[in-house]
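See structure below.
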Amino acid sequence: MPRPCQQCGRAIGRTVETCPNCGAFNRAERTLWVWLAGGAIVLTLFLALGDIGAVLQVAGDLLRQIHAALAPAP
Ligand SMILES: [Zn+2]
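Read in the numbering used here, the sequence shown has 44 at position 24, and its numbers run on one by one without any break.
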């Protein structure tokens, strides 16, 4: 699924950061499921180890990363 360039509107790939048409920088998109899958794996690992404190710390870091990933580019 392409997305429009923020500068010229031409369709570019989601993981492409430099527009091939005008050269403008477009931050690559990171899909939410990647973070959710990563979080689920980490959570499972820590739950298996019984370290709830580490789970909460990792979950907090993950939420901040998700927030940063979803925040609009400046
Ligand atoms: Zn462009």
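Backbone N, C-alpha and C define an ideal beta-carbon position, used for all residues, glycine too.
Please read all numbers here as calculations on a predicted model, not as lab measurements.
- For tryptophan 53 and isoleucine 32, the gap between their C-alpha atoms comes out near 21 Å.
- Here the distance from the Cβ of arginine 23 to the nearest heavy atom of ligand 1 is not below 8 Å.
- When the beta-carbon positions are compared, threonine 35 and alanine 44 stay at least 9 Å from each other.
- In the DSSP assignment, glutamine 85 falls within the alpha helix (DSSP H) that extends over 72-90.
- The shortest C-alpha to C-alpha distance from glutamate 49 to any of Cys28, Arg23, Leu82 is the one to Arg23.
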